[in-house]
């Protein structure tokens with residue numbers, strides 16, 4: 039793993055592919071963990087005298103959250119307390135002139151790379167952005183696992199033209215996931231509504247015999263309870279409208295194939311007239327399943343306390359409402375206290391951590407990635423990571439450029 043942190047960058051023009059994608063409210067970005075975390079990499083390179091050029095995206099073409107990067111540049115200015123240059127251009131003359139005029143320590147944010155048709159549509163990731171920017175830069179840094187699963191031009195294209203490096207954020211993410219992938223006894227905790235992602239990891243790790251147990255909550259638990267023959271009350275309508283009903287046969291097959299390894303809730307927190315009612319899983323008649331129950335919490339916490347390595351992705355219920363946040367909060371608190379290495383991912387999981395007010399330092403690693411994290415956990419080859427690995431062989435960097443110990 040060739041990390042930019044190990045090399046001298048003073049005076050070098052460095053293209054940094056970060057993930058600054060943010061939620062949008064009323065046309066304004068809501069800065070989240072991705073932006074604030076990647077800001078640290080940008081600041082570090084600037085502090086060391088690098089001439090930093092930030093490549094990033096916001097939303098997808100045609101969507102309401104598809105916006106220019108000007109707001110992100112202003113947030114970086116606020117976070118870093120220094121001037122941030124911005125041009126509403128990516129590969130045109132304005133962008134090239136701005137890059138050429140950079141001085142040591144300067145930070146330039148280019149416009150949304152997804153304005154370029156070639157960014158997402160070029161079959162080999164070799165679009166115009168590579169042709170225009172590679173000749174006027176020295177190094178390329180990929181800093182986001184969250185985009186590494188995409189074969190986009192700004193993710194994989196530069197690796198064929200110039201020396202490329204892992205950024206601090208990407209290096210941390212990969213090292214954390216590799217630590218899990220090297221473990222033979224992992225406890226998985228899956229919640230939320232992204233059932234396909236959970237199933238993919240479960241199938242891989244359970245089939246390999248490396249999953250200790252899989253604890254479930256959220257919509258995933260509703261589906262599995264129904265597949266196991268339980269009534270799920272008014273949540274049956276949710277299964278129908280979300281088309282999760284269609285996955286009942288697949289869920290049944292999983293439960294049969296891995297009998298005893300997938301741990302279902304023994305009781306649940308039902309919402310009846312917006313009030314919490316705890317009921318055993320075999321006694322559900324009405325109400326919506328919005329959380330795991332207290333008996334299940336105790337069972338799951340016991341498993342957590344006896345685990346060596348834990349992966350959690352997704353909340354146990356409707357954590358946004360205090361009465362139904364108990365399961366999610368109790369498990370997060372238990373993970374924070376236990377001695378196991380923990381890897382937590384998913385946007386709702388991160389939001390729940392922030393809501394609870396737990397310092398992220400008490401977890402092994404809190405990932406910024408969603409789909410890419412799932413694919414990497416499943417052992418899939420990520421195009422961005424593969425490009426960096428191939429680049430290290432194709433573009434060796436002399437040891438004289440290595441950073442001196444401070």
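Residue numbers (our numbering): 39 to 444. Every residue, glycine too, gets a C-beta built ideally from N, C-alpha and C. These numbers come from a predicted model, not from an experiment.
> In chain order, what residues of the same chain have a beta carbon less than 7 Å from the beta carbon of residue 41, not counting five sequence neighbours either side?
Replying inline: 203, 204, 209
> What runs of the alpha helix (DSSP H), each 4 residues or longer, lie entirely inside the segment 317–359?
Replying inline: 332–343
> Taking DSSP as the reference, what is the three-state secondary structure of residue 47?
Replying inline: coil
> Of all the beta strand (DSSP E) runs that stay within the bounds of the segment 173–247, which reach a length of 3 or more residues?
Replying inline: 177–180, 202–204, 224–228
> residue 284: which of 375, 122, 233 sits nearest, CA to CA?
Replying inline: 233
>> Taking the straight line between their C-alpha atoms, what separation do you get for residue 152 and residue 95?
In response: 6 Å
> Starting from residue 370 and walking both ways along the alpha helix (DSSP H), at which residues does that stretch end?
Replying inline: 364–375
> Where are the beta strand (DSSP E) runs, 3 residues long or more, that stay fully inside the segment 139–168, in chain order?
Replying inline: 145–147
> Taking the DSSP output, what are the residues bridged to residue 68?
Replying inline: Looking at the DSSP assignment, residue 68 forms no beta bridge with any residue, so it has no partner.
> What first and last residue would you give for the beta strand (DSSP E) that runs through residue 394?
Replying inline: Counting along the chain, residue 394 falls outside any beta strand (DSSP E), though it belongs to the alpha helix (DSSP H) covering 385–394.
>> If I follow the unbroken alpha helix (DSSP H) through residue 278, where does it start and stop?
In response: 273–279
>> Just list the residues that DSSP pairs residue 283 with in beta bridges.
In response: BP columns for residue 283 are empty, so no partner.
>> Quick check: the Cα distance between residue 173 and residue 181, rounded to an integer number of angstroms?
In response: 21 Å
>> I'd like the list of long-range same chain contacts for residue 420, defined as Cβ closer than 7 Å, with 5 residues on each side in sequence excluded.
In response: 186, 187, 410, 413, 414
> Between which two residues does the beta strand (DSSP E) harbouring residue 92 extend?
Replying inline: 89–93
> First and last residue of the beta strand (DSSP E) that includes residue 307?
Replying inline: 305–310
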